[in-house]
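To start, the structure itself, in structure tokens.
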Amino acid sequence: MTAINPAGGDEQAVAKPEPTTPIAFRQGMWSAGPSDVSGYGGLVQPIIRHVRSAAPYGGWFDQVAERLRHLVPDLPVDFVGIDRAEMTAYIPRQLLLAVVQATRDDPALRFEICLSVAGVHYPDEAGSELHAVYELLSITHNRRLRLEVTAPDDDPQIPSVTSVYPMVNWHERETWDMFGLIFTGHPGLTRILMPDDWVGHPQRKDYPLNGVPVEFKGAKVPPPDQRRSYQ
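Positions 0 to 230 (numbering that gives the first Met the number 0) are the ones given, in order, by the sequence shown.
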């Protein structure tokens, strides 16, 4: 079966992804474990991560994948994932700068803009707990491409791409601030949301749940880690 690609680019049919088997299920609003502070623990969600796809991918995805393999020959064989008509390229961190240089400068790719850099923390993925996700946009070809790079907790370093995409200076600072990813070569990797003397990185999943009391007229709400658990 085919479907029109909503991710931009050529108006070509793109193969629908086959159903993916979850690697696990998450219970509750946030994660497995005791009841969450919202009092709602009945939510069950499948965990599906880092889907790899086999060629042909359909539409312009094959053109981009083949061009990247040509320009960066050391890329792994299974570096492409297609899901919900979107393309993700899983890039080893040592190849990141070569890949972004190619995606921006090669006429067949021409992803001129990096829209954002975001962090993700998967504490159960030994050796690749920290992820950086880059959203690229090609104005020339009207296409979007996602890059994903991992680093271990004990060596949380990823090359900065500010030399290729200067506009991500602030995005990398926020990702460092919230997740602790160190972007080597960044011109000024300092906190951007939290105070300079803040300890820890608040959006990591192992960051302690805490807060400050909130006072309303006639009532006082305790911080999240002091609220009672609901069954």
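Backbone N, C-alpha and C fix where the C-beta goes; we use that ideal spot for every residue, glycine too.
What is the rounded straight-line gap between the Cα of Pro91 and the Cα of Pro194? 32 angstroms
Please tell me whether His49 and Gly80 are closer than 8 angstroms, where the distance is taken between their beta carbons. yes
Kindly indicate the opening and closing residues of the alpha helix (DSSP H) around Arg68. 60–70
Enumerate in chain order the residues of its own chain whose CB-to-CB distance from Val163 is below 6 angstroms, with the five nearest sequence positions on each side excluded. Val99, Gln100, Arg103
If you draw a straight line from the C-alpha of Gln156 to the C-alpha of Asp176, how long is it? 13 angstroms
Gly80 at chain B interface by Cβ criterion, 8 angstroms: Going by chain labels, chain B is absent from the structure shown, which holds only one protein chain.
Can you tell me the Cα-Cα spacing of Ala117 and Phe60, whole angstroms? 23 angstroms
Roughly how many whole angstroms lie between the Cα atoms of Ile243 and Tyr133? Residue 243 cannot be examined here, being either before or after the span of the chain that is shown, 0 to 230.
Return the chain-ordered list of same chain residues with a C-beta closer than 6 angstroms to the C-beta of Thr149, the five sequence neighbours on each side being excluded. Ser127, His130
Other residues of its chain near Leu70: CB distance less than 7 angstroms, five sequence neighbours each side excluded: Ala101, Asp105
Report the rounded CA-to-CA distance for Trp169 versus Ile112, giving the unit in angstroms. 14 angstroms
What are the complete alpha helix (DSSP H) segments, minimum 4 residues, inside the segment 168–198? 168–178
Quick one: what's Arg143 bridged to in DSSP? Leu136
If you count every other CB in all the chains shown that lies within 10 Å of the CB of Lys214, and 16 or more means buried, which is it? Residue identity check: residue 214 is Glu in the sequence provided, not Lys. Exposed.
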